[in-house]
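Residue numbers (the working numbering): 11 to 272.
From the three backbone atoms N, C-alpha and C, an ideal C-beta is built for every residue, glycine too.
Since the model is a prediction, treat every value here as computed from it, not as a measurement.
A short worksheet on the structure shown next.
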């Protein structure tokens, strides 16, 4: 027969239970399964709350998801990359809510996806780690890297701070679409070399300085960098596009992923 317990005692028991409630999650960049703590109700609440920010809905949500993934990964030595996020999110969702996922298409079309089956398909087609890519244009050389989630959060927060400053007033997405594009590109920059001058994004350089340097480069550099990033994100693209979906329909990593299909 269960005995009456204090608030602190039952909360401690729940925390102990949560610590042992784990799931094996395949991390593409590591090419292996890693143990994660299962999602909690509080984390589901945080994901749903972060989607209410109407100015930066997806950015706020993705930052929250990044931090939850980092918290729930039990092996803190693992560096989780932004390209891992989609597949990790799908596996955590399947464990918490179920493998069946309804994906909305155009004209109110709906498609049923089995997440577990899709994850197996992605794993079997994992291209493996992408080597560091170099983008060159005349005397300019950019070495690229796939950012980890810590770097992603850092850049996202700096971007939000810049466009949401007190002098900017009400922010409209049409006014910052260019800033969003540049922000996503610079995350993948490790070093910029112009002639004999080199700057390393990981050597204490502020995000705003990296952005300013990038914005003053020739437009051809931006196009070449975008092409290199597309190759690096192949596993992410595969994770969001099950073969049974039409070409113009894909899985969205948003708050709706962490609610039931009803």
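Indicate whether the contact test is met: 3 or more Cβ pairs, each with one atom in the segment 65-82 and one in the segment 115-127, closer than 8 Å.
-> no
By Cβ distance, which residues of its chain are closer than 6 Å to residue 254, with the 5 residues on each side in sequence left out?
-> Here the question's residue 254 lines up with position 244 in the chain shown. Same-chain partners within the cutoff: there are none.
Would you please state the rounded distance, in angstroms, between the beta carbons of residue 6 and residue 232? I believe it to be under 8 Å.
-> Absent from the model: residue 6. The displayed extent of the chain is 11 to 272, so no value can be given.
Of the listed residues 114, 31, 53, nearest to residue 260 (C-alpha basis) | Translated into positions along the chain shown, residue 260 becomes position 250. Nearest of 114, 31, 53 to residue 260, Cα basis: 114.
Which runs of the beta strand (DSSP E) fall wholly inside the segment 132-157 and span at least 3 residues, in chain order?
-> Within the segment 132-157, the runs of beta strand (DSSP E) that reach at least 3 residues and sit entirely inside it are, in chain order, 144-147, 150-154.
Taking 7 Å as the cut-off, decide whether the C-beta atoms of residue 199 and residue 152 are in contact.
-> Within the chain shown, numbered from 1, the residue matching residue 199 stands at position 189. Within the chain shown, numbered from 1, the residue matching residue 152 stands at position 142. Result yes, Cβ atoms of residue 199 and residue 152 sit closer than 7 Å.
Among 166, 96, 33, 137, nearest to residue 216 - alpha-carbon criterion | Locating residue 216 in the chain shown gives position 206, counting from the first residue. Out of 166, 96, 33, 137, 166 has the C-alpha closest to the C-alpha of residue 216.
Count the other CB atoms within 10 Å of the CB of residue 242; is the residue buried (16 or more) or exposed (fewer)?
-> Position 232 of the chain shown, counted from the start, is the residue given in the question as residue 242. Classification of residue 242: buried, given that the 10 Å Cβ count is 16 or more.
Alpha helix (DSSP H) runs contained entirely in the segment 62-90, provided each spans 4 or more residues = 67-82
Helix, strand or coil for residue 254 per DSSP?
-> The sequence position of residue 254 within the chain shown is 244, counting from 1. DSSP places residue 254 in coil when its eight states are reduced to three.
Cβ-based burial, residue 60 [other Cβ within 10 Å; buried from 16] = Within the chain shown, residue 60 is the residue found at index 50, counting from 1. By the neighbour-count rule (16 or more Cβ atoms within 10 Å), residue 60 is buried.
In angstroms with no decimal places, state the Cα-to-Cα distance between residue 79 and residue 99.
-> Counted from its first residue, the chain shown places residue 79 at position 69. Counted from its first residue, the chain shown places residue 99 at position 89. Using only the alpha carbons, I get a separation of about 8 Å.
Express the C-alpha separation of residue 250 and residue 10 in angstroms, rounding to a whole number.
-> An answer regarding residue 10 cannot be provided, because it is not within the stretch 11 to 272 covered by the chain.
For residue 123, which residues from the same chain have a beta carbon less than 6 Å from its beta carbon, with the 5 sequence-adjacent residues on both sides left out?
-> As a working mapping, residue 123 is identified with position 113 in the chain shown. Scanning its chain for C-beta atoms nearer than 6 Å, with the 5 sequence neighbours on each side dropped, one finds around residue 123 the residues 111, 113, 252, in chain order.
What is the DSSP secondary structure of residue 17, counted as helix, strand or coil?
-> In the chain shown, residue 17 corresponds to position 7, counting from 1. Note that residue 17 scores a pLDDT of 49, beneath 50, so its modelled location is shaky; the value from the coordinates is reported in the next line. Helix at residue 17.
What residue does the beta strand (DSSP E) around residue 110 start on, and which one ends it?
-> Within the chain shown, numbered from 1, the residue matching residue 110 stands at position 100. Counting along the chain, the beta strand (DSSP E) containing residue 110 begins and ends at 110-114.
Mapping DSSP to helix, strand and coil, what is residue 226?
-> Numbered from 1 along the chain shown, position 216 holds the residue referred to as residue 226. Coil at residue 226, not helix or strand.
Got a sec? Which residues, its chain only, sit under 8 Å from residue 144 by beta carbon, not counting five neighbours each side?
-> In the chain shown, the residue the question calls residue 144 occupies position 134. If we look at residue 144 and ignore the five residues flanking it on each side, its Cβ neighbours are 151, 152, 153, 154.
DSSP-derived helix/strand/coil call for residue 55 | On the chain shown, position 45 is the one that residue 55 refers to. Note: residue 55 maps to helix in three-state DSSP.
Residues in its own chain within less than 6 Å of residue 10 by CB, not counting five upstream and five downstream?
-> Here the chain covers residues 11 to 272 and nothing more, so residue 10 does not appear.
In chain order, what residues of the same chain lie with their CB nearer than 7 Å to the CB of residue 43, ignoring the 5 residues before and after it?
-> Here residue 43 refers to the residue found at position 33 of the chain shown. 34, 35, 36, listed in sequence order.
Closest by C-alpha distance to residue 85, when choosing among 131, 244, 47, 228 = The sequence position of residue 85 within the chain shown is 75, counting from 1. Among 131, 244, 47, 228, the Cα nearest to that of residue 85 is on 47.
Name the DSSP bridge partner or partners of residue 46?
-> Within the chain shown, the letter at position 36 stands for residue 46. BP columns for residue 46 point to 33, 83.
Who does residue 121 pair with in a DSSP beta bridge?
-> Taking the chain shown and counting its residues from 1, the one referred to as residue 121 is at position 111. Partner(s): 113.
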